[in-house]
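So in the numbering used here, spot 15 of the sequence shown is number 15, and the numbers just go up one at a time. Think of the CB as a built atom: it goes at the ideal place given N, C-alpha and C, for glycine as much as any other residue. Please read the structure below before turning to the comments.
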Amino acid sequence: MATRPNHSFGLFSREFAWHHGLNLFGTMSTLFLLNTSFCGQNLFQEDIFSTIINTVQEVYETARALTLIVHATLAPDTGSWQPSSIRWGDFSFN
1 MATRPNHSFG
11 LFSREFAWHH
21 GLNLFGTMST
31 LFLLNTSFCG
41 QNLFQEDIFS
51 TIINTVQEVY
61 ETARALTLIV
71 HATLAPDTGS
81 WQPSSIRWGD
91 FSFN
């Protein structure tokens with residue numbers, strides 16, 4: 001069985017930084033980036049959601065207006081439409 005070496009260096013020594021520095025730096029940078037992103041989300045959450053809600057409302061109003069336009073153009077004009085004689089170009093339906 002292999003014996004573990006006795007590390008007798010201090011917490012803020014060069015030996016500690018040499019043995020554990022890369023792991024500590026990776027952990028520190030990962031936690032910093034995660035913390036920054038989540039805190040930033042909380043800071044700007046109101047602005048982001050208000051923009052999304054305004055966009056959804058604008059899309060809804062545009063779709064509603066286009067639906068009304070489509071229905072209005074597809075409905076026949078009752079004043080000049082006669083079911084017995086519809087002419088489209090060269091085609092005649094009697």
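Per DSSP, the continuous alpha helix (DSSP H) segment holding Phe16 begins and ends at 14-74. The alpha-carbon of Arg64 is positioned some 16 Å away from that of Ile53. Between Leu24 and Ser50, the alpha-carbon positions lie close to 39 Å from each other. Per the coordinates, the alpha-carbon of Ser29 lies some 17 Å from the alpha-carbon of Trp18. CA-to-CA, the gap between Glu58 and Phe12 works out to about 58 Å. Within the same chain, Phe16 come within 8 Å of Gly10 by CB-CB distance, once the 5 residues on both sides are set aside.
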